[in-house]
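A.B. asks:
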């Protein structure tokens, strides 16, 4: 089993801060370096209040609880309005929102800077990520950067050590106080909070789902009448959202509980083949925690990562560049 990271060979925080990020001011670059330094810093064990206790103290977040409950109740209607056309719509939109929006966009591009794209592409992918139902890019990125800085230790917002169901989904049902939340996003996602378009995309989170529901109803009505319209809505919206939500949550829970390890990291991350299949390659999670800036999560030949295939296609077509497909700075320099 390999030991990671080898600090003499890995990209350090200062080295990663020098990798090109398009259209960033010096202040934004400094802020980006700040969270990278946090991720590289030793875990602080001095805090007396855990992330779980802090969220519970903030009280239930009823809007989120209602939103998630509504999606699951809506998905229960799926067996009663099944059509093959509706199922195909669900599969295609699950890939679009899950793989492109969350895995490629929210995670590898916006959180870790594993590759670079032009600003319009960046905004489009962030908008698609919102269609996953997992919140706006600013919230998602801030939570995930904090997770990496404190993975499975004090400060991790969704550590299975606080309970498997807590890590899977219960943590979302509690909110920190507004003042704490504002500090949180400014601390962990300063590059995104300073982007007015990213903020606007965040405001469009709920309207985008309403509009997508109307579009699905209209498409189904046009293609096959009222029955098809309902099928498109239930499968293309409710089933698709529940699926994408749970496969993402499985990465947070199962991939920190069960599986094998290629690297001895300082957390409980695991490579879980089932989660990798369901979550478009995100289940090779120990690989990712060992080398978080790598665009690919495939470290052995048989660890298939379909999201990286898309990144490579984007690179070949000129839509993406500066793809971090190496483990160590020396590997890049030798190319």
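Numbering (the working numbering), first residue to last: 55 to 389. All C-beta atoms, glycine included, are put in the ideal place defined by N, C-alpha and C.
Who does residue 228 pair with in a DSSP beta bridge?
C.D. replies: In the DSSP output, where bridge partners are listed per residue, residue 228 has 114.
A.B. asks: Are residue 283 and residue 275 closer than 8 Å when you measure CB to CB?
C.D. replies: For residue 283 and residue 275, yes; Cβs fall inside 8 Å.
A.B. asks: Given a cut-off of 8 Å on the beta-carbon distance, is the pair residue 293 and residue 129 in contact?
C.D. replies: Going by C-beta atoms, residue 293 is nearer than 8 Å to residue 129.
A.B. asks: Let me know the secondary structure DSSP gives residue 92 once reduced to three states.
C.D. replies: Residue placement at residue 92 is flagged as unreliable, the pLDDT there being 46, under the threshold of 50; the coordinate-derived value follows with that caveat. In the structure shown, residue 92 sits in a helix (DSSP, three-state: H, G or I).
A.B. asks: Taking only beta-carbon atoms, is residue 128 less than 8 Å away from chain B?
C.D. replies: In summary, chain B is missing from the structure at hand, where a single protein chain is found.
A.B. asks: Bridge partners of residue 325, per DSSP?
C.D. replies: In the DSSP output, where bridge partners are listed per residue, residue 325 has 314 and 338.
A.B. asks: Who does residue 170 pair with in a DSSP beta bridge?
C.D. replies: Residue 170 is bridged to 375.
A.B. asks: Please confirm whether residue 353 and residue 303 have their CB atoms less than 8 Å apart.
C.D. replies: No, Cβ-Cβ distance for residue 353 and residue 303 is not below 8 Å.
A.B. asks: Assign residue 95 to one of two classes, buried (16 or more other C-beta atoms within 10 Å of its C-beta) or exposed (fewer than that).
C.D. replies: Caution is warranted here: a pLDDT of 43 is assigned to residue 95, below 50, making its placement in the model unreliable, and no coordinate value can be reported.
A.B. asks: Specify the secondary structure class of residue 185 as computed by DSSP and reduced to three states.
C.D. replies: In this structure, residue 185 counts as coil in the three-state DSSP scheme.
A.B. asks: Take every Cβ of the segment 190 to 202, pair it with every Cβ of the segment 235 to 248, and state whether three or more of those distances are shorter than 8 Å.
C.D. replies: Segments in contact, yes.
A.B. asks: For residue 80, name the three-state secondary structure that DSSP assigns.
C.D. replies: Confidence is the limiting factor: at residue 80 the pLDDT is only 37, short of 50, which leaves the residue's position unreliable and the question unanswerable from this model.
A.B. asks: Here's the rule: buried if 16 or more other CB atoms are within 10 angstroms of the residue's CB, otherwise exposed. What is residue 370?
C.D. replies: It counts as exposed.
A.B. asks: Near residue 224, which residues of its chain fall below 8 Å by C-beta distance, leaving aside the five closest residues on each side in sequence?
C.D. replies: For residue 224, where only same-chain residues beyond five positions count, the Cβ hits under 8 Å are 217.
A.B. asks: Can you grab the Cα-Cα spacing for the pair residue 245 / residue 260, in whole Å?
C.D. replies: Those two C-alpha atoms are separated by around 23 Å.
A.B. asks: Starting from the Cα of residue 266, find the closest Cα among 250, 187, 315 and 340 and give me that residue.
C.D. replies: Of 250, 187, 315 and 340, the residue nearest in Cα terms is 187.
A.B. asks: Would you mind reading off the limits of the alpha helix (DSSP H) that contains residue 258?
C.D. replies: Unbroken run through residue 258: none, as it is neither H nor E.
A.B. asks: Mind listing, in chain order, the continuous beta strand (DSSP E) runs of no fewer than 3 residues lying wholly within the segment 234 to 303?
C.D. replies: Taking only runs of at least 3 residues, no beta strand (DSSP E) segment lies wholly in the segment 234 to 303.
A.B. asks: Does residue 161 pass the burial test, meaning 16 or more other C-beta atoms within 10 Å, or should it be called exposed?
C.D. replies: That one is buried.
A.B. asks: Leaving out five residues before and five after residue 312 in sequence, what residues of the same chain have Cβ atoms less than 8 Å from its Cβ?
C.D. replies: Here the set comprises 324 and 326.
A.B. asks: In chain order, what residues of the same chain lie with their CB nearer than 8 Å to the CB of residue 142, ignoring the 5 residues before and after it?
C.D. replies: Counting only Cβ-Cβ distances below 8 Å, and skipping sequence neighbours, we find nothing.
A.B. asks: Please report the distance separating the alpha-carbon of residue 379 from that of residue 350.
C.D. replies: C-alpha separation (whole angstroms): 6 Å.
A.B. asks: If we ignore side chains and look at the alpha-carbon of each, how far apart do residue 220 and residue 136 end up?
C.D. replies: If you take the alpha carbons of residue 220 and residue 136, they lie about 32 Å apart.
A.B. asks: Should residue 329 and residue 336 be called a contact, given that it needs their Cβ atoms to be closer than 8 Å?
C.D. replies: In contact: residue 329 and residue 336 (Cβ atoms closer than 8 Å).
A.B. asks: CB-CB under 8 Å to residue 262, same chain, minus the five flanking residues each way: which ones, in chain order?
C.D. replies: The residues are 181, 184 and 185.
A.B. asks: Should residue 356 be labelled buried (16 or more other beta-carbon atoms within 10 Å of its own) or exposed?
C.D. replies: Result: exposed.
A.B. asks: Considering residue 142, what are the terminal residues of the alpha helix (DSSP H) in which it resides?
C.D. replies: Segment 138 to 148, the alpha helix (DSSP H) holding residue 142.
A.B. asks: Tell me whether the beta-carbon of residue 339 lies closer than 8 Å to the beta-carbon of residue 305.
C.D. replies: Yes.
A.B. asks: Terminal residues of the continuous alpha helix (DSSP H) containing residue 222?
C.D. replies: Looking at the DSSP string, the run of the alpha helix (DSSP H) that includes residue 222 is 218 to 222.
A.B. asks: According to DSSP, is residue 214 part of a helix, a strand, or is it coil?
C.D. replies: If DSSP states are grouped into helix, strand and coil, residue 214 belongs with the helices.
A.B. asks: Answer yes or no: do residue 366 and residue 229 have a C-beta to C-beta separation smaller than 8 Å?
C.D. replies: No. Outside cutoff.
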